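Engineer: After the C-alpha cells below, expect a handful of questions from me.
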Amino acid sequence: MTTMTSLAARTRTAARRYPFLVMALRTGTANYTAVARFLDVDGEIDAVASALRRYADSLEEPAPRDSSVRVRMQSGIGPVESLEEALIVVGTTALGFPETDGATTDEAGVDTPTYTAIIATGTVDGRSLANAIAGLSLEEIDVIAAGFEGETMVVVVERLEGANAVRTVEDSLETVLE
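Numbering (my numbering), first residue to last: 9 to 186.
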C-alpha cells in the first residue's frame with residue numbers, strides 16, 4: 009500500500025529544501041506563482057501557489073534581531089602548529105597568528121599563506137554566521153574558514169579582502185532576522 013501525501017505537504021517539503029524561499033515566504037516578499045514554477049511539485053501551478061500562500065500564512069513573521077555585535081579585523085592569520093596558537097580549527101587545519109617575524113615562507117622556502125580574520129563578538133549564532141557567509145558570497149569574497157562558539161564568530165578571508173569583508177560582515181549582522 010502506498011501512501012499519498014497531500015499537495016500541501018509536498019509543497020511545504022519542496023519549499024523547505026530552499027531556506028531562502030522559506031525566508032521570502034516568512035517576510036511576505038515571495039511571488040507565489042513564481043515560486044510554484046520554481047519548485048518541482050506535481051500539481052497545477054495555481055494549486056501549488058495556493059498551497060504556498062497557506063504555508064506562508066502559517067509561518068511566523070521574522071523580526072529584526074536586537075543585538076549588539078562588535079566586528080573587527082586582524083590580518084596576519086595563517087597556519088599554526090599547535091591548537092593553543094589557533095584562532096580557528098577546521099579539520100586538520102589550524103589557523104592563528106604564527107610568529108613569522110614578517111617572513112612569508114617556511115623553513116623550506118615555501119610560501120605560507122596569510123589571511124585576514126574577521127572577528128565578531130557579542131550576540132552571534134548560526135544565523136549570524138549564515139547571514140555573514142551569504143553576504144560575503146554576494147560580494148564574491150571567498151571564505152577560507154568560518155565558525156562560532158559562545159559570543160565569538162570568526163570568518164577567515166584572503167588578506168587583501170579584509171576591508172571589504174569587515175564591512176560586509178557588519179552589514180550582514182545588522183540584518184539577521186529571528
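Using N, Cα and C, we set each Cβ at its ideal position, and we do this for glycine too.
Source: prediction; values computed, not measured.
(1) Would you call residue 99 buried or exposed, if buried means 16 or more other Cβ atoms sit within 10 Å of its Cβ?
(2) Which one or two residues does DSSP pair with residue 166 in a beta bridge?
(3) Output the distance between the C-alpha atoms of residue 80 and residue 63, rounded to the nearest integer angstrom.
(4) Are residue 85 and residue 40 close, meaning C-beta to C-beta below 7 Å?
(5) Please report the straight-line C-alpha distance between residue 51 and residue 15, rounded to a whole angstrom.
(6) Can we say the segment 153-164 touches the segment 127-144, given the rule of at least three CB pairs closer than 8 Å?
(7) Since residue 90 is in the beta strand (DSSP E), which residue starts that stretch and which ends it?
(8) Residue 67 and residue 34 - do their beta-carbons sit closer together than 7 Å?
(9) Looking only at C-alpha atoms, which of 96, 180, 150 sits nearest to residue 135?
(10) So the candidates are 18, 142, 171, 28; which of them puts its Cα closest to the Cα of residue 57?
(11) With residue 71 and residue 48 assumed to form a contact (beta carbons below 8 Å), what rounded beta-carbon distance in angstroms separates them?
Structural biologist: Once the coordinates are examined:
(1) exposed
(2) 123
(3) 40 Å
(4) no
(5) 7 Å
(6) yes
(7) Neither: residue 90 is in no beta strand (DSSP E) and is coded neither H nor E.
(8) yes
(9) 180
(10) 18
(11) Contact flag wrong, Cβ pair sits at about 31 Å.
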